[in-house]
Every structure is written in C-alpha cells, then in structure tokens.
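Protein sequence lines correspond, in order, to chains A and B.
Take 39 as the starting number for the first sequence in the working numbering and just add one per residue.
Take 72 as the starting number for the second sequence in the working numbering and just add one per residue.
Using N, Cα and C, we set each Cβ at its ideal position, and we do this for glycine too.
Computed from a predicted model, the values in this text were never measured in an experiment.
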Amino acid sequence: MTKKVGIVAGSISRFDNPRHTLQEEMCAEAVRMILDDVPELELGDFVKKGYACCYSYFSDILEQQQCMHWIINDYLGLSAVPCFRVESGGATPIDAIINAALWIRSGMFPAVLVVGWEKMDELPIQKVNEAIAIAGDTDWDFVSGFTYNAFYATMEARRMHVYGETEEDLAEVAVLCHNNSLENPYAQWPAQHGFSKIMVEDVYKSRLISWPYRLHECAMTSEGASALFLANEELTKKLTDNPIWITGVGFGSDTMRAGDRPDNPAWKGLYPEDEKIWPKHVPPPMSPYPDLCNFGALRVSARMAYKDAGVKNPRKEINLVEIFDPYAGVVLAGLEDFDFCKRGEGKKLLRDGVIQPFGELPCQLSGALTAQGHAVGSTSIAQVVDVYWQLSNQIGKKWGAPSRQLSNIKKGFIHGHGGTGCQAGAVVLEV
Amino acid sequence: MKQPGPEKVIKEQKIDEKWWKDWERRGGWRPEGWKIIEINDGPTLNDLKPEKFLIVHRPHGNLFHHSYGKVSKFFTGLLEGKLYGTKCPKCGLVYCPPRAHCFNPKCRLAETQWVELPKKGEVHAHTVMAIAWPSMAHLQPLVGAMIRIDGTNTCLPMTMRDVDPEKVNIGLRVNIHIEKQPKGDLLDVYATPAEEPKPPKRTPEELKRFREDMEKTRAWVKKTFGAK
Ligand SMILES: [Zn+2]
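1) Could you give the C-beta distance for Pro228 of chain B and Gly215 of chain B, rounded to a whole number, given that I count them as a contact under 8 Å?
2) Can at least three beta-carbon pairs, one atom from the region 390-401 of chain A and one from the region 221-232 of chain A, be found at a separation below 8 Å?
3) Which of the three DSSP states, helix, strand or coil, is assigned to Asn167 of chain A?
4) Could you run through the region 185-207 of chain B and flag, in chain order, every residue whose CB is less than 7 Å away from some CB of chain A?
5) Give me the chain A residues within the contact set of Asp112 of chain B, using Cβ-Cβ distance strictly less than 7 Å, ordered along the chain.
6) At a CB distance below 9 Å, what residues from the region 441-468 of chain A approach chain B? Give them in sequence order.
7) Have a look at Leu253 of chain A and Arg245 of chain A and give me their C-alpha separation to the nearest angstrom.
8) By a C-beta neighbour count over all protein chains shown, 10 Å radius and 16 as the cutoff for buried, is Cys215 of chain A buried or exposed?
9) Starting from Met342 of chain A, trace the beta strand (DSSP E) in both directions and tell me its first and last residue.
10) Which of the three DSSP states is assigned to Cys159 of chain B in this structure?
11) Step through the CB atoms of chain A and report whether any lies within less than 8 Å of the CB of Glu95 of chain B.
12) Is the beta carbon of Val43 of chain A closer than 8 Å to that of Arg143 of chain A?
13) Report yes or no: do three or more beta-carbon pairs, one from the region 461-469 of chain A and one from the region 282-302 of chain A, lie closer than 8 Å?
14) Please report the Cβ distance between Glu203 of chain A and Lys380 of chain A, rounded to the nearest whole angstrom; I am assuming they are in contact, meaning their Cβ atoms lie under 8 Å.
15) Does any residue of chain A bring its CB to less than 8 Å from the CB of Ile241 of chain B?
16) Compare the C-beta of Glu286 of chain B against all C-beta atoms of chain A and say whether one is closer than 8 Å.
17) Going straight from the alpha carbon of Ala66 of chain A to that of Asn111 of chain A, what length do you get?
18) Ends of the beta strand (DSSP E) at Gly463 of chain A?
19) Buried or exposed: Ser234 of chain A, going by 16 or more other Cβ atoms within 10 Å of its Cβ?
20) Quick check: the Cα distance between Pro281 of chain A and Arg70 of chain A, rounded to an integer number of angstroms?
21) Is Ala188 of chain A closer than 8 Å to Met231 of chain B when the C-beta atoms are compared?
22) At a threshold of 7 Å, does Ala181 of chain B count as lining ligand 1 (C-beta to nearest heavy atom)?
23) Could you have a look at Lys73 of chain B and say whether DSSP puts it in helix, strand or coil?
24) Identify, in the order they occur along the chain, each residue of the same chain with its Cβ nearer than 7 Å to the Cβ of Ile170 of chain A, setting aside the five sequence neighbours on each side.
25) Using beta carbons (cut-off 8 Å, strictly below), is Val292 of chain B in contact with chain A?
26) Taking 7 Å as the cut-off, is the C-beta of Asn332 of chain A nearer than that to any heavy atom in ligand 1?
27) Buried or exposed for Lys251 of chain B, please, with buried defined as at least 16 other CB atoms from any protein chain shown within 10 angstroms of its CB.
28) Mapping DSSP to helix, strand and coil, what is His107 of chain A?
29) The alpha helix (DSSP H) with Val85 of chain A in it runs from where to where?
30) Could you work out which residue in B:Pro176, B:Lys120, B:Pro102 and B:Trp185 is closest to Thr59 of chain A when comparing CA atoms only?
31) Would you say Cys178 of chain B touches ligand 1, meaning its beta carbon is less than 7 Å from a heavy atom?
32) Starting from the beta carbon of Glu266 of chain B, find every residue of chain A whose beta carbon is closer than 8 Å, and list them in chain order.
33) Would Tyr327 of chain A pass as a contact of Arg280 of chain B if the rule is Cβ separation under 8 Å?
34) Relative to chain B, which residues along the region 102-117 of chain A have a C-beta separation below 8 Å, given in chain order?
35) Which residues in chain A have a C-beta closer than 7 Å to the C-beta of Asp256 of chain B? List them in chain order.
36) Look at the Cβ atom of Ile356 of chain A, then the Cβ atom of Lys436 of chain A, and state whether they are nearer than 8 Å.
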C-alpha cells in the first residue's frame with residue numbers, strides 16, 4: 039500500500055462577513071467548483087465506488103445547530119455515503135484533512151471529500167468572541183475576565199520580554215498578510231476594505247484590542263466554505279494529470295490552559311536544544327520550552343509531518359508556508375516551532391524579508407486569517423487549497439492574478455491549531 | 072453495592088426563579104422581528120450577483136446547573152476568603168488551578184491533596200484589555216495577568232486593580248485578593264501590585280501610542296458609563 043495521498047481538486051467559496059448564504063449553499067458552491075474541475079467525478083458514484091466524506095466545522099453554538107454536517111451531507115446529495123465530522127477548535131479543518139488522508143492511507147477508502155465551513159455573523163461580535171472563548175476552560179480560563187485575545191496577548195507579551203520582539207514586528211506581519219490578500223478573490227479584507235496596500239502606520243491606527251495586539255493583527259471572523267477531493271495514488275492519477283501529493287501529516291497537543299505550561303513535566307527534556315536557548319535576564323521556568331513563548335503542539339505536529347514526508351532540512355526544502363495565525367505573533371512563533379529558525383529568531387526572518395512574497399520562504403500568500411479570513415471550519419482547508427493552487431500552477435486561473443504565481447516550487451507546508459495551541463496539525467504538500 | 076443518593080443540600084444561595092423564568096420564556100426561538108436585505112454575493116469576488124435575503128431575529132438563552140466536581144473546595148474556599156491549591160504527594164507539584172489528579176506522567180494520575188496557598192505571587196505574562204467582556208467594559212483599560220501564586224507550578228489568569236497599565240511588567244510581585252462578596256467563580260480573585268512597578272522598555276513612539284490608546288479607552292468608558 040502506497041503512502042501517497044493525492045489532491046485531485048480544491049475549492050473555496052469566498053470568506054466574508056456576513057455572507058447571508060446558508061452553510062449548505064456555500065458548501066454546494068465549493069463542491070460544484072470541484073465537480074467543474076473533475077468532470078469524471080460523479081456524486082452518485084460515491085457509494086458504488088466506496089468514497090467517504092469528512093466534514094469540518096467548529097461550533098454548534100454560533101447558529102445553535104448541532105450535527106450541521108448531516109444537513110450538509112444531505113444537501114450535497116450524498117445520503118447513504120459514509121461520513122464523519124471532525125471538531126477540534128481552530129485545528130478542526132487541518133485535523134479533517136489529516137483524518138481524511140489517514141483513512142485513504144489505511145486502504146479503507148479510495149477517496150475522501152473534505153468539506154469545511156463556518157457561519158459567524160448570527161450573534162453579535164461579543165457573543166461570537168464568547169463562543170470562541172468557551173473553547174478555553176470555562177471554569178478556569180474563560181471566567182477569569184480574560185478574553186481570548188487577552189490570552190494570546192499575554193503570550194506575545196512574554197515573547198517581547200524574552201526575545202525582544204517589538205510592536206513594529208507585529209505590525210509588519212499584519213502589513214504582509216493584508217497586502218498579500220489584495221489580489222485574492224476569496225479574501226475578506228479586500229471585499230470589505232478595497233484593494234489598496236496598507237502600511238505599518240495603518241496598523242497602528244487600527245484600534246487597540248488587547249495590548250500589544252491591535253485590530254489588524256487579529257483574525258477576522260468570517261463565513262465561507264472550502265473543499266478538497268483527496269484520493270489514493272492510483273485514483274488520483276486517473277482523475278487528474280496535475281496532481282499534488284500530501285506526503286506528510288502530523289499532529290500534536292499541549293495543555294488546555296496556557297497557564298499550566300511553564301513547569302509542565304510532560305515537556306521537560308523533550309527538546310533540550312530549545313531549553314538551552316534562554317536569556318539571562320529572565321528566570322527560566324522548570325520547562326523552558328515551550329513556556330508561554332512558543333507553541334509546543336506546533337513543534338510536535340511539524341516534526342511528525344517532516345518525518346512522515348522525509349523532509350530533513352525544512353528551511354532548505356520547503357518553498358512556501360501558510361501559518362494559522364489568529365494573531366500576528368503566531369507567524370513569528372510558528373517559524374521557530376516549525377524549525378525554519380531557532381527559537382527567538384522568527385523576527386529575524388521577518389526583518390530580513392525572507393517571508394515576503396518573493397523572498398526565500400514566502401509565508402501567508404493567501405493573506406491568512408487576518409486578511410483572507412477565518413471561517414473556522416474552512417480556514418486551513420482554504421489555506422491548503424491556496425498552496426495546492428500554487429504548487430499546481432493554477433493561481434493565474436483560480437485567482438485571475440498570474441503575477442502572484444510562484445515558480446520553481448516543489449514543497450509547501452501548512453499548519454493549523456486550536457485553542458492557545460492546545461492541539462495542532464501540519465501537512466506537507468509536494469509536486 | 073450502595074446507592075450514591077439522596078443528595079443533601081449543605082448550604083445554598085438561591086437564584087431568583089422569577090427573573091430566570093421570564094428570560095427563558097422570552098428566549099424561546101420565535102422571531103421577535105425580521106428584515107429583508109439585498110447584497111451582492113457569489114463564491115468569488117470575480118463572480119458576484121445581487122441576492123435578496125430574509126433575516127429573522129431569534130432569541131435563545133440557557134441556565135446551566137454546573138458542578139465544580141472534586142475541585143469544588145477551591146470555590147468554597149473563595150466563599151470563605153481563602154485560596155486553595157492541590158499538591159501531588161508523589162512528585163510535589165502544586166496546582167492552582169487545582170487538579171484532583173496529578174498530570175505528571177510519572178505519577179500515574181495520583182490523587183492530590185489540598186493545601187492553603189499564600190495570597191502572594193508574581194506576574195508571569197500580562198496584557199491590557201482595551202476591549203473586555205461586556206460585563207466588565209466599565210473597567211477598561213483592564214490589566215489581565217497570568218499570576219504564578221507563590222509555591223505553585225502553574226499560572227492563574229486574573230485581572231489587576233490599583234495599577235497603572237503602563238507600568239505592569241513580567242516579574243512584578245503582587246498581592247492576591249478575594250472579593251468581599253464572592254459569587255463563587257474565578258472573578259472573585261484579583262491582584263494588586265505588592266511593590267513599585269518597573270515598566271517594560273518602550274520606545275518613545277511606543278510609549279506615546281500606548282498613552283493615546285489608554286486615553287481613548289478611558290474617554291470611551293467615561294462617555295458610555297459616565298464619570299466614576
Ligand atoms: Zn505528581
């Protein structure tokens with residue numbers, strides 16, 4: 039049995055807020071695009087050919103509908119098809135892709151259709167924030183008076199204190215993401231704010247949310263849907279002559295509460311090289327990595343995915359990256375936790391222009407969560423679709439923006455996580 | 072075998088049944104209003120068409136009856152003005168938030184023991200909320216800090232009072248307080264500085280921006296809730 043899982047097609051029904059269109063209608067839009075790309079694929083053949091569906095959405099609370107995936111599955115005309123739902127907070131969509139890939143690898147199903155979506159405009163924004171925040175511990179995190187923004191903000195304050203990251207670094211990340219989204223016809227930022235570039239000063243002008251984070255440095259809340267049709271090697275080659283392969287998957291976890299991490303005995307000694315990197319002016323906790331500075335779950339998921347894909351030197355081998363960035367600082371932390379640099383040096387890759395669109399390691403080409411948007415169950419599927427379009431040379435066709443197509447790219451890396459890094463997943467895509 | 076019940080009520084602070092029943096009856100899913108709107112929509116920004124949508128305003132609310140389980144003592148402690156954590160008899164880790172079972176993989180989920188904690192600690196990480204939860208909006212700008220209570224191996228998130236947000240920094244020593252009229256959740260706990268705070272390093276531009284942000288936040292609070 040080959041380990042290779044192919045991406046036959048991918049699609050996005052754009053991010054915006056509000057979309058007003060129902061979840062099942064946005065999902066139908068996304069799946070229709072897949073059917074357009076793969077004329078041989080028939081929805082009526084799923085049962086006969088033994089395909090399955092994997093559905094990805096985060097919240098039953100945002101629109102008070104449990105088991106939404108039964109509605110979606112039925113709406114797509116897929117009754118009788120084996121289906122399952124994955125839910126793991128912000129990690130939901132990456133988790134869905136990983137699950138689907140592993141099901142294909144197991145040999146149980148020759149193909150799995152992954153569909154993800156979210157509706158986020160039905161409640162007022164504070165209630166949406168509440169629905170997200172109760173993915174934190176409702177006895178110990180949520181009721182402390184902290185918003186979710188506040189938890190990520192304390193973690194960034196720690197990075198500033200320990201590593202010397204600055205407010206300018208965060209603003210530069212926001213500028214990169216927003217300007218990357220301007221030619222993306224699936225992105226929420228240009229849909230709402232137009233097509234002009236922004237500068238660091240514009241980020242500073244956006245309102246303070248929870249110091250050090252400002253509005254433009256935080257994920258948008260979005261609605262939208264996206265889909266991927268994954269298949270085993272044989273079927274992939276039959277259905278497309280431009281396949282991209284998921285060659286590595288990985289996932290990891292950390293404590294529910296960020297506050298439990300500094301002395302956590304489970305991390306002690308796990309990454310000794312990282313434990314050694316610690317400045318003299320801060321007393322080290324018992325488990326210096328990840329502490330509140332980094333995201334241990336991201337590290338575990340990335341190393342697993344690299345090992346799975348046979349990636350030995352990620353900095354040299356990976357050509358483009360999409361980081362799940364609910365807050366700007368996660369891009370910098372992620373670069374470290376994914377082994378693109380040592381801990382504390384994420385800011386250096388940013389300052390040296392390495393992660394710019396035509397730098398050595400372009401990051402967030404879609405605009406990611408702060409600009410493409412964050413319809414939770416759709417987010418990482420859409421980011422994988424963006425990287426898939428890059429690797430399969432389809433940006434000209436799918437975005438209508440051929441100048442945004444990178445050349446000579448072979449491998450992409452996409453990550454997703456939930457909570458304050460409570461669970462994370464990563465995939466490696468290859469031409 | 073033995074039956075676990077019946078349950079005995081040892082002490083109780085009742086909720087106002089009438090207040091809740093009224094809310095529950097009104098929050099019963101039937102639309103309280105609606106609107107019809109028109110906007111462009113479509114799967115991509117290159118493919119938009121005008122569409123009409125009906126939006127109903129549909130209320131819903133719940134009242135949960137939640138047990139704090141085997142760590143209830145922490146919260147009954149708050150009702151008595153005391154701070155408790157748990158300690159693992161095997162490895163000695165001290166938890167606050169408490170755990171009834173030790174999470175050190177070596178300890179095989181050993182049952183922990185209760186210890187009373189000092190009302191002193193240190194800021195491990197911090198933020199200043201310019202947008203807090205609606206129930207706390209009048210307290211903006213609101214300092215939130217991950218506090219490591221002395222002798223514990225964890226951080227407890229709590230809000231801070233009597234402190235200039237500009238001066239809060241990692242390492243600040245704090246006193247921990249429990250509200251005079253505790254309600255039985257974590258918001259009963261807050262911290263104040265136990266020493267003269269040393270502010271974090273900020274560039275002149277960062278400091279100017281920070282002060283402007285605080286002024287804007289305070290002006291909004293004054294406008295919304297009136298002067299203190
Ligand atoms: Zn123990």
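With the structure as the only source:
1) In the second sequence, counting from the first residue as 1, residue 228 of chain B sits at position 157. In the second sequence, counting from the first residue as 1, residue 215 of chain B sits at position 144. Correct: roughly 6 Å between the Cβ atoms.
2) no
3) For the purposes of this step, residue 167 of chain A is taken as the residue at position 129 of the first sequence. Three-state DSSP puts Asn167 of chain A in a helix.
4) His195, Ala196, His197, Thr198, Val199, Met200, Ala201, Ile202, Ala203, Trp204, Pro205 and Met207
5) Within the second sequence, numbered from 1, the residue matching residue 112 of chain B stands at position 41. The contacting residues are Arg57, His58 and Thr59.
6) none
7) In the first sequence, residue 253 of chain A corresponds to position 215, counting from 1. In the first sequence, residue 245 of chain A corresponds to position 207, counting from 1. The straight-line gap from Cα to Cα measures roughly 6 Å.
8) Against the first sequence, residue 215 of chain A aligns to sequence position 177. Buried is the call here.
9) As a working note, residue 342 of chain A is residue 304 in the first sequence. Premise fails: Met342 of chain A lies in the alpha helix (DSSP H), Gly334 to Ala347, not in any beta strand (DSSP E).
10) As a position in the second sequence, residue 159 of chain B is number 88, starting the count at 1. The answer is coil: DSSP assigns Cys159 of chain B none of H, G, I, E or B.
11) Along the second sequence, read from residue 1 onward, the residue named residue 95 of chain B stands at position 24. Output row for Glu95 of chain B: interface = no.
12) The residue given as residue 143 of chain A occupies position 105 in the first sequence. The residue given as residue 43 of chain A occupies position 5 in the first sequence. With contacts defined as CB atoms closer than 8 Å, Arg143 of chain A and Val43 of chain A qualify as a contacting pair.
13) yes
14) Translated into the one-based positions of the first sequence, residue 203 of chain A becomes position 165. Translated into the one-based positions of the first sequence, residue 380 of chain A becomes position 342. Contact doesn't hold; Cβ gap of about 14 Å is too wide.
15) Your numbering for residue 241 of chain B matches position 170 in the second sequence. Under the Cβ criterion of 8 Å, Ile241 of chain B is counted among the residues facing chain A.
16) Stepping through the second sequence from its first residue, residue 286 of chain B is reached at position 215. Judged by the 8 Å Cβ criterion, Glu286 of chain B is not in contact with chain A.
17) Numbered from 1 along the first sequence, position 28 holds the residue referred to as residue 66 of chain A. Numbered from 1 along the first sequence, position 73 holds the residue referred to as residue 111 of chain A. Rounded to the nearest angstrom, the two C-alpha atoms are 10 Å apart.
18) As a first step, residue 463 of chain A must be located in the first sequence, where it is residue number 425. Per DSSP, Gly463 of chain A belongs to the beta strand (DSSP E) from Gln461 to Glu468.
19) If you number the first sequence from 1, residue 234 of chain A lands on position 196. Counting Cβ neighbours within 10 Å, Ser234 of chain A comes out exposed, since fewer than 16 surround it.
20) Walking along the first sequence from the start, residue 281 of chain A turns up at place 243. Walking along the first sequence from the start, residue 70 of chain A turns up at place 32. Distance between Pro281 of chain A and Arg70 of chain A, taken at the CA atoms: about 19 Å.
21) Mapped onto the second sequence, residue 231 of chain B falls at position 160. Mapped onto the first sequence, residue 188 of chain A falls at position 150. Not closer than 8 Å, so no.
22) Taking the first residue of the second sequence as 1, we reach residue 181 of chain B at position 110. Yes, ligand 1 has a heavy atom inside 7 Å of this Cβ.
23) For the purposes of this step, residue 73 of chain B is identified with residue 2 of the second sequence, where counting begins at 1. In this structure, Lys73 of chain B counts as coil in the three-state DSSP scheme.
24) Residue 170 of chain A sits at position 132 when you count from the first residue of the first sequence. Here the set comprises Tyr186.
25) Translated into positions along the second sequence, residue 292 of chain B becomes position 221. False, the Cβ-Cβ gap to chain A never drops below 8 Å.
26) The sequence position of residue 332 of chain A within the first sequence is 294, counting from 1. Asn332 of chain A Cβ: outside cutoff for every heavy atom of ligand 1.
27) Against the second sequence, residue 251 of chain B aligns to sequence position 180. With fewer than 16 Cβ atoms within 10 Å of its Cβ, Lys251 of chain B is classed as exposed.
28) Within the first sequence, residue 107 of chain A is the residue found at index 69, counting from 1. Helix, per DSSP.
29) For this step, residue 85 of chain A is matched to residue 47 along the first sequence. Residues Phe84 to Lys87.
30) As a position in the first sequence, residue 59 of chain A is number 21, starting the count at 1. Selected option, being the one with the closest Cα: B:Lys120.
31) Indexing the second sequence from 1 puts residue 178 of chain B at position 107. Flag set: Cβ of Cys178 of chain B near ligand 1.
32) Within the second sequence, numbered from 1, the residue matching residue 266 of chain B stands at position 195. The contacting residues do not exist; Glu266 of chain B stays about 16 Å from chain A at best.
33) In the first sequence, the residue the question calls residue 327 of chain A occupies position 289. In the second sequence, the residue the question calls residue 280 of chain B occupies position 209. In this structure, Arg280 of chain B does not lie closer than 8 Å to Tyr327 of chain A by Cβ.
34) Listed by position along the chain: Gln102.
35) Numbered from 1 along the second sequence, position 185 holds the residue referred to as residue 256 of chain B. Ordered by position in chain A, the residues that pass the 7 Å Cβ test against Asp256 of chain B are Val181.
36) Residue 356 of chain A sits at position 318 when you count from the first residue of the first sequence. Residue 436 of chain A sits at position 398 when you count from the first residue of the first sequence. It is not a contact, given that the beta carbons lie outside the stated cut-off.
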